[in-house]
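For the sequence shown, the positions run 14 to 94 when our numbering is used. Okay, so here's the structure we're looking at.
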Amino acid sequence: IELLHEKDLLVKTDAEFFALQDLKKQMDILFKHYKYKHCNYCQHNSLQTNLFNCARCKSVFYCGKICQRADWGIHKLICNK
Numbered sequence: 014i015e016l017l018h019e020k021d022l023l024v025k026t027d028a029e030f031f032a033l034q035d036l037k038k039q040m041d042i043l044f045k046h047y048k049y050k051h052c053n054y055c056q057h058n059s060l061q062t063n064l065f066n067c068a069r070c071k072s073v074f075y076c077g078k079i080c081q082r083a084d085w086g087i088h089k090l091i092c093n094k
């Protein structure tokens with residue numbers, strides 16, 4: 014899976030938003046199947062560091078507050094949707 018940078022994820026249309034939601038669902042299925050957790054921002058995995066989930070939706074994980082705040086601009090589009 015190719016990882017996208019925040020600047021590449023600017024949502025301009027409904028079609029792009031739904032494509033992002035579909036991608037997120039596919040990635041969630043993949044990671045749940047392999048029981049693999051990773052930071053949603055820096056991509057460190059659960060073997061490298063302790064991870065904490067988003068307190069609101071509990072579907073993504075972060076290394077800490079720095080990564081969570083840095084990712085909020087993108088994550089808020091899909092958090093609790």
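Note that the Cβ used here is the ideal one computed from N, Cα and C, for glycine as well. Source: prediction; values computed, not measured.
Quick one: measure Cβ to Cβ for C52 and L64, integer angstroms, because I've assumed they're closer than 8 Å. 6 Å
In terms of DSSP beta bridges, what is C52 paired with? Per DSSP, the beta-bridge partners of C52 are F74.
Give me, in chain order, the residues of the same chain whose beta-carbon lies closer than 7 Å to that of N93; leave out the 5 immediate sequence neighbours on both sides. R69, C70
Taking the alpha-carbon positions, what's the F74 to K50 distance? Approximately 7 Å, taken between the alpha carbons.
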